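Reviewing the structure listed below.
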Amino acid sequence: MKPVNEAKITFLSRSANEGFARTAAACFAAQLDPTLDEINDIKTAVSEAVTNCIVHAYPEALGLVTLRLRLFEDNVLEIMVKDAGVGIPDVEKARKPLFTTGGDDRSGMGFTIMESFMDKLKVRSLPGKGTTVTMRRRISRRLQA
Amino acid sequence: MPVQCEELGRVLTASVSGEVDHHAAKALMNELNRRVDAALPGRLELDMGGVTFMDSSGIAVVLRSWKRMRQLGGSMTLRAVPPQAAKVLKAAGVDKLIPWEE
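Line order of the protein sequences matches chains A and B.
Count along the first sequence from 1, add 1, and you get the number used in the working numbering.
Count along the second sequence from 1, add 423, and you get the number used in the working numbering.
Okay, structure coming up:
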């Protein structure tokens, strides 16, 4: 299916951009007239995906993170977060609740939150090449007054 | 990341505000640790009424404070947890671990 709208932003893996990325996603999603809860779920999931890039994909250096947002006719928002970082050796393990390589500073709940706040989550990773996280969420249609 | 603290007897109330993400978490965690270690309270009340956004970075902040309070033989309560932060904390089962009021 072809998207009806699309936006793409590429930014440096600086932690100051976490807020920028989730706010940009929320602004793009606004055209679907989402509820506040839906907006919050989207912001939270984007924040988790982008934080993963900043903390794990580029642990020692800065790299580029791409956020691609797409809208489909059936009111589905697709969010893709892509990096060209170190990759994840074992995606299945990384997706498990509480698993983290980030020590005491991290909760290990990032993927669990993306999974439970979105309808679909796909993680593709190649060690040494990078990781692409794709999430989908259908936004409820509200009755017009 | 502003944290406002108030000591009343052996109770330390720490009010957190703003966006609690990975960008803000480290400074917040350090500040909370510093205030708890200075006050050595019997109970820490973490007031989250001013939190406008929280992701899983906030789970680690809350759990770290809770562990520190346990080491000190004290307790911890979460107060005024906004709905968005509540959903994140509940995803990690924090509500089953730490007493809280929404």
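Positions of the beta carbon are idealized from the N, C-alpha and C atoms, including for glycine.
Model, not experiment: these values are computed from the prediction.
Quick check on this structure: which residue in the options has the alpha carbon closest to the alpha carbon of residue i?
i, options, result
"S479 (chain B)", "A:R142, A:I140, A:F112", "A:F112"
"D106 (chain A)", "B:R457, B:A450, B:Q507, B:K519", "B:A450"
"K123 (chain A)", "A:F21, A:N6, A:C28, A:A46", "A:A46"
"R15 (chain A)", "B:E442, B:H446, B:E430", "B:H446"
"M110 (chain A)", "B:E442, B:N453, B:V517, B:P522", "B:V517"
"P60 (chain A)", "A:G103, A:E116, A:D91", "A:G103"
"N453 (chain B)", "B:P425, B:R493, B:P506", "B:P425"
"T52 (chain A)", "B:A462, B:T500, B:D444, B:V439", "B:D444"
"L463 (chain B)", "B:R433, B:S488, B:S440, B:K490", "B:R433"
Taking 9 Å as the CB-CB cut-off, is residue i touching chain A?
i, result
"V459 (chain B)", "no"
"E454 (chain B)", "no"
"P425 (chain B)", "no"
"S440 (chain B)", "no"
"S488 (chain B)", "no"
"K519 (chain B)", "no"
"A515 (chain B)", "yes"
Below 9 Å between beta carbons: does that hold for residue i and residue j?
i, j, result
"T101 (chain A)", "M81 (chain A)", "no"
"S48 (chain A)", "E19 (chain A)", "yes"
"G497 (chain B)", "G472 (chain B)", "no"
"F73 (chain A)", "V5 (chain A)", "yes"
"L495 (chain B)", "R458 (chain B)", "no"
"R69 (chain A)", "A8 (chain A)", "yes"
"A509 (chain B)", "A483 (chain B)", "no"
"A58 (chain A)", "D91 (chain A)", "no"
"E442 (chain B)", "F476 (chain B)", "yes"
At which residues does the alpha helix (DSSP H) containing residue i begin and terminate?
i, result
"N456 (chain B)", "445–462"
"I114 (chain A)", "111–118"
"A503 (chain B)", "Segment: none, A503 (chain B) is in no alpha helix (DSSP H) and carries neither H nor E."
"A519 (chain B)", "Here the sequence assigns Lys to residue 519 (chain B), which means Ala is not the residue at that position. Unbroken alpha helix (DSSP H) run through K519 (chain B): 517–520."
Can you find a C-beta in chain B that's less than 9 Å from the C-beta of residue i?
i, result
"R44 (chain A)", "At residue 44 (chain A) the sequence reads Lys, which differs from the Arg that was named. Yes, its Cβ sits closer than 9 Å to a Cβ of chain B."
"I10 (chain A)", "no"
"A30 (chain A)", "no"
"V56 (chain A)", "yes"
"E19 (chain A)", "yes"
"T52 (chain A)", "yes"
"L78 (chain A)", "no"
What are the boundary residues of the beta strand (DSSP E) that includes residue i?
i, result
"I482 (chain B)", "Taken as a continuous stretch (DSSP letters only), I482 (chain B) belongs to no beta strand (DSSP E), being part of the alpha helix (DSSP H) at 479–494."
"Q84 (chain A)", "According to the sequence provided, residue 84 (chain A) is Asp. The question's Gln does not apply to it. First-last of the beta strand (DSSP E) with D84 (chain A): 77–84."
"Q427 (chain B)", "426–431"
"E7 (chain A)", "6–13"
"M136 (chain A)", "131–139"
"K3 (chain A)", "Counting along the chain, K3 (chain A) falls outside any beta strand (DSSP E), and DSSP gives it neither H nor E."
"S126 (chain A)", "121–127"
Does at least one heavy atom of the ligand ZN sit under 8 Å from the Cβ of residue i?
i, result
"C28 (chain A)", "This structure simply doesn't include the ligand ZN, nor any ligand for that matter."
Checklist entry - Taking only runs of the alpha helix (DSSP H) that begin and end inside the stretch 29–101 of chain A, which ones reach a length of at least 4 residues, in chain order? => result 37–53, 92–95
Checklist entry - Taking Cβ-Cβ distances below 7 Å as the criterion, which residues of the stretch 112–144 of chain A are in contact with chain C? => result The question asks about chain C, but that chain is absent: this structure's protein chains are A and B.
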